[in-house]
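A short worksheet on the structure shown next.
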Amino acid sequence: MSVSSLIQPPKRASVAFNRVDLLVKMRKLSQAKKDQRAKEIDIFHEEIENILSNPEAFNTEKEDTESDISDTEVKDCLLYYLRGFVIRKLVNTSCVECLHSVKLDVSPENAESLLTDIRSKGKLLHPTSKLVKLLSFVENIIESNLKELTNDNNFSKISYEIVHSNDLTNLKIGCSDLNHSSHLTSQTIHFYITCRLFFYESFQC
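Per UniProt numbering: the sequence shown ends with 205, consecutive numbering throughout.
Below you can see the structure in the form of structure tokens.
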């Protein structure tokens, strides 16, 4: 269906309107939706960076997030592979210490890394335990919301739960500089959610 067919009335219709005005209104509606999404993302980054920069102001309880991977499934290998893709997005960071906090120099050679090891040829990246813990936390929240996702405000639902979780301040990544670590953590979470929702929404079509 073309744009022209949407705004052009039938030949015998007793309707008169300005097509240019309608096109302008449609573009404004589309831009308004993009602006709203951008605003939500900006607020999300700001809230996460505020929490991580001032953890004492929030009620947090440290919890051991180590997972038992003795019975690793295909899903675990795929999520591990995706975490390596997230690192690829972050490699442009100018802080070497921040990069070392998310990227391993060699494969850990565990069950989760099997798929990455097989497909690597030396170019795929392996996440550190810190990054694994952070993205496992995000993944658990995404999975807990899968049945309620509607494709309308999925990012908002998930980001709201992440920002209001007591576990967040214990899972930040990056160097000792709070500005670095809070920004890197925020960007990492945002990119991971975007990737996961892209795959989820694609399979729902």
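Note that CB positions come from ideal geometry on N, CA and C, so glycine has one too. As the structure is a prediction and not an experimental result, all values here were calculated from the model.
Hey, how far is the Cα of residue i from the Cα of residue j?
i, j, result
"residue 78", "residue 201", "17 Å"
"residue 162", "residue 196", "15 Å"
"residue 167", "residue 24", "46 Å"
"residue 172", "residue 85", "19 Å"
"residue 140", "residue 158", "10 Å"
"residue 27", "residue 114", "47 Å"
"residue 29", "residue 187", "28 Å"
"residue 107", "residue 117", "7 Å"
"residue 31", "residue 39", "12 Å"
Residue j and residue i - do their beta-carbons sit closer together than 8 Å?
i, j, result
"residue 134", "residue 93", "no"
"residue 125", "residue 103", "yes"
"residue 191", "residue 89", "yes"
"residue 165", "residue 130", "no"
"residue 87", "residue 138", "no"
Do you know whose CA, among the options, lies nearest residue i's CA?
i, options, result
"residue 46", "160, 194 and 170", "160"
"residue 95", "148, 31 and 176", "176"
"residue 156", "32, 42, 26 and 183", "42"
"residue 120", "145, 132, 140 and 80", "80"
"residue 112", "136, 97, 123 and 98", "136"
"residue 180", "118, 21 and 97", "97"
"residue 110", "182, 73, 154 and 39", "73"
"residue 183", "29, 117, 107 and 99", "99"
"residue 127", "144, 32 and 174", "174"
"residue 211", "108, 198 and 122", "In the structure displayed, the chain extends from 1 to 205; residue 211 sits before or after that span and is not available."
"residue 149", "35, 193, 178 and 117", "193"
"residue 34", "178, 146, 169 and 153", "153"
Any C-beta of chain E sitting closer than 8 Å to the C-beta of residue i?
i, result
"residue 154", "Protein chain content of the structure displayed is limited to a single chain, and chain E is not contained in it."
What are the start and end residues of each continuous alpha helix (DSSP H) run of 4 or more residues lying completely inside the stretch 120 to 200, in chain order?
129 to 144 and 154 to 163
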